[in-house]
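Numbering (the numbering used here), first residue to last: 77 to 366. All C-beta atoms in this analysis are idealised placements derived from N, C-alpha and C, irrespective of residue type, glycine included. Everything numeric in this text was worked out from a predicted model, so none of it was measured.
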Amino acid sequence: MFGEMYAQLMKINERPVPFQYVTAEELWNDEHTSSRMLACHLDGSVDISSRKTTFIDRSVEFIVSYFGLDENKRVADFGCGPGLYTTRLARSGAEVTGIDFSKRSIRYARDQSARLGLQIEHIHADYLDFETSRRFDLITLIMCDFCALGPERRKRLLGRMRSLLKPGGRILLDVYSLRAFEKRPEQTFYAPDLMDGFWSKEPYFGFLNTFKYEQARVVLDKYTIVDKTKTRTIYNWLQYFDTDSLRREIEDCGLVVEEILANVAGDVFAPESDEFAVVVTNPKNAGEDP
Numbered sequence: 077m078f079g080e081m082y083a084q085l086m087k088i089n090e091r092p093v094p095f096q097y098v099t100a101e102e103l104w105n106d107e108h109t110s111s112r113m114l115a116c117h118l119d120g121s122v123d124i125s126s127r128k129t130t131f132i133d134r135s136v137e138f139i140v141s142y143f144g145l146d147e148n149k150r151v152a153d154f155g156c157g158p159g160l161y162t163t164r165l166a167r168s169g170a171e172v173t174g175i176d177f178s179k180r181s182i183r184y185a186r187d188q189s190a191r192l193g194l195q196i197e198h199i200h201a202d203y204l205d206f207e208t209s210r211r212f213d214l215i216t217l218i219m220c221d222f223c224a225l226g227p228e229r230r231k232r233l234l235g236r237m238r239s240l241l242k243p244g245g246r247i248l249l250d251v252y253s254l255r256a257f258e259k260r261p262e263q264t265f266y267a268p269d270l271m272d273g274f275w276s277k278e279p280y281f282g283f284l285n286t287f288k289y290e291q292a293r294v295v296l297d298k299y300t301i302v303d304k305t306k307t308r309t310i311y312n313w314l315q316y317f318d319t320d321s322l323r324r325e326i327e328d329c330g331l332v333v334e335e336i337l338a339n340v341a342g343d344v345f346a347p348e349s350d351e352f353a354v355v356v357t358n359p360k361n362a363g364e365d366p
């Protein structure tokens, strides 16, 4: 009995290779956790899942102005969640498409756009696999979603984005900085009903292991959830960047970094910030404008 318990604890505290396991779909589509995630999205007073409402409003104002959004522009919001950006961007007159693999978030986004009388296409799909014959003037990826992907998936995503952009089309995305990486400590934590019942409506025991990979500049928050019937593990990976490493990844995929900003609200870049944003351009010789 004690040998089995020891083996289980060893497994809980096991450090995997960076991005060895991917469990994002389970997090976003589990019936219970997806409802808690949606609640976090919609709580405009905190920076969890989505930015605070005041920041989103300021960010949309910047995006509409900077990228000249109007009825002649097409925008795709990758990882659109419940449509907090898509509904606001659509008011510019632009043709807006939102893509997200959370069924619950997409249902909410569709209901909201219908209620507001906005013509927005919200698509339930993994944006890594999203395909369409349309080509976009702007693709956004906000809330540092890029950081949750491993190197091969980031490369695949940038290639997908490039194929979906018009020649001269642009991307806006944000990432966590090395300053934020420096602030992350390794830790091990245990609690009954960890995170106030976030992981299940039934009683459970939750273990959190935060692993830091110095050379790879990656942090893993590994959650092990044990209830009466099963044990499940959720891996929340985050890659951290400096401006040079992000620029290399982007330019290796045939795209061009146009500008570096402090955030997706257009503030001036500050090296000491915990995050930064980039405006990326698809070269005009990348293909014919359909």
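8 Å CB neighbourhood of residue i in its chain, flanking five on each side removed
| i | result |
| --- | --- |
| E197 | V172, T173, G174 |
| R232 | L204 |
| T163 | A185, Q188, S189, L192, L194, I196 |
| I132 | G120, S126, L160, Y161, R164 |
| R238 | C329, G330, L331, N358, A362 |
| S349 | S253, R255, A338, N339 |
| D303 | S276, E278, P279, Y280, F281 |
Residue interval of the beta strand (DSSP E) (run including residue i)
| i | result |
| --- | --- |
| N105 | Where N105 is concerned, there is no enclosing beta strand (DSSP E), although the alpha helix (DSSP H) it sits in stretches over 100 to 105. |
| D269 | Counting along the chain, D269 falls outside any beta strand (DSSP E), and DSSP gives it neither H nor E. |
| Y252 | 241 to 253 |
Nonlocal neighbours in the same chain, by C-beta distance under 7 Å from residue i, ignoring five residues either side
| i | result |
| --- | --- |
| Q315 | C223, R293, V294 |
| F138 | A341, G342 |
| C220 | D250, V251, Y252, E351 |
| S110 | W104, S178, R180 |
| L114 | P158, R180, S181, Y184 |
| F212 | R150, V151, A152, L240, L241, K242, G245 |
| V136 | Y161, R164, L165 |
Residues of its chain near residue i, where Cβ-Cβ distance is below 6 Å and the 5 sequence neighbours each way are ignored
| i | result |
| --- | --- |
| A166 | V172, L194, I196 |
| L214 | F143, V151, R246 |
| L301 | Checking the sequence, you will find Ile at residue 301 rather than Leu. Once the five neighbours on either side are set aside, the close Cβ partners of I301 are W275, Y280, G282, R308. |
| G244 | K360 |
| L99 | The displayed chain sequence assigns Thr, not Leu, to residue 99. So the qualifying residues of the chain are I310, Y311. |
| G169 | D146, E147 |
| R91 | F287 |
| V140 | S168 |
| D199 | Asp is not the amino acid found at residue 199; the sequence shown has Ile there. Here the set comprises I175. |
Counterpart residues of residue i in DSSP-defined beta bridges
| i | result |
| --- | --- |
| D297 | T286, N312 |
| I124 | S126 |
| V172 | V151, I196 |
| F281 | P268, V302 |
| Q263 | T286 |
Where the alpha helix (DSSP H) containing residue i begins and where it ends
| i | result |
| --- | --- |
| G155 | Careful: G155 lies outside any alpha helix (DSSP H) and carries neither H nor E. |
| L85 | 78 to 88 |
| A166 | 162 to 166 |
Cβ-based burial, residue i [other Cβ within 10 Å; buried from 16]
| i | result |
| --- | --- |
| I124 | exposed |
| A353 | buried |
| E364 | Low confidence applies here, because E364 scores a pLDDT of 45, under 50, leaving its location unreliable; read the following figure in that light. Label assigned to E364: exposed. |
| R324 | exposed |
| K242 | buried |
| L270 | buried |
| A346 | exposed |
| P366 | For P366, the predicted structure reports a pLDDT of 38, less than 50, and the residue's modelled location is therefore unreliable. A value from the coordinates is still provided. Result: exposed. |
| N89 | exposed |
| K149 | buried |
| Y299 | buried |
| L85 | exposed |
| V355 | buried |
| E80 | exposed |
Residue-level contact to chain C via CB, residue i, 8 Å cutoff
| i | result |
| --- | --- |
| V151 | The structure shown contains no chain C; it holds only a single protein chain. |
Going residue by residue through the segment 302 to 357, where are the continuous beta strand (DSSP E) segments of at least 3 residues, counting only ones entirely within it? Contiguous beta strand (DSSP E) elements confined to the segment 302 to 357 occur at 307 to 317, 332 to 337, 351 to 357, taking only those with 3 or more residues.
Which ranges would you report for the beta strand (DSSP E) in the segment 174 to 215 if only whole runs of at least 3 residues count? Counting only runs of 3 or more, we get 196 to 200.
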